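In this note's numbering, the protein residues as written are 2 to 192.
Here is the structure:
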């Protein structure tokens, strides 16, 4: 098979369906995957081992405690739509570094919980927004409900027609909008 025709697919579905898909032979799975994409990808053929694991949204009650700050998946996990967990984690790390640098320059103990609370408030708010958005997308794109299909179609059409809408959505998804740490701002401003 030509390398240009290879892709990695994350197929998110309900647990009972995932179980059925996992038990299928490669030939049965290939047919199911091809059908899922309405043959738009051509005949799909599995090239590697299939894996199944549950996806669970988690959000730590506290992102900081005395001498500990959680970042990335240690603080929050979200549905893996468009790799947002990675982006969120990188922004957590950059935000924490910025806060630690500020505290250090102010001569404060960088490990004190009360000094780390600004990082916690900042990143909990950003994580909550992303979790809500990804859950909304997941709920909208999950299933074959005719009303959802209609809303999806209208929404996708509007996004394609409204000037700048697609770019704004992509910028937000990539972590290039909202309250950004200085390191991320410098990367955004390079473009």
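We put the CB at the ideal spot given by N, CA and C, even for glycine. Fair warning: this is a prediction, and the values are worked out from it, not measured in the lab.
Which residues does DSSP pair with residue i in a beta bridge?
i: residue 59; result: 78
i: residue 70; result: 65
Skipping 5 residues on each side, what residues in its chain have a beta carbon closer than 8 Å to that of residue i?
i: residue 99; result: 182, 183 and 184
i: residue 92; result: 124, 127, 176, 181, 182 and 185
i: residue 160; result: 166, 167 and 170
i: residue 155; result: none
Leaving out five residues before and five after residue i in sequence, what residues of the same chain have Cβ atoms less than 7 Å from its Cβ?
i: residue 135; result: 79, 80, 82 and 85
i: residue 7; result: 48
i: residue 59; result: 77 and 78
i: residue 34; result: 45
Identify the continuous alpha helix (DSSP H) that holds residue i and give its terminal residues.
i: residue 99; result: 85-106
i: residue 22; result: 16-24
Short of 6 Å in beta carbon distance, which residues of its chain neighbour residue i, apart from the five on each side in sequence? Order them along the chain.
i: residue 1; result: Residue 1 lies beyond the range of the chain shown here (2 to 192); nothing can be said about it.
i: residue 61; result: 71 and 76
i: residue 117; result: 65 and 70
*Which runs of the alpha helix (DSSP H) fall wholly inside the segment 141-182 and span at least 4 residues, in chain order?*
147-162 and 166-174
*Indicate whether the contact test is met: 3 or more Cβ pairs, each with one atom in the segment 27-39 and one in the segment 107-123, closer than 8 Å.*
no
_alpha helix (DSSP H) segments (min. 4 residues) lying fully within the segment 27-51_ = 27-37
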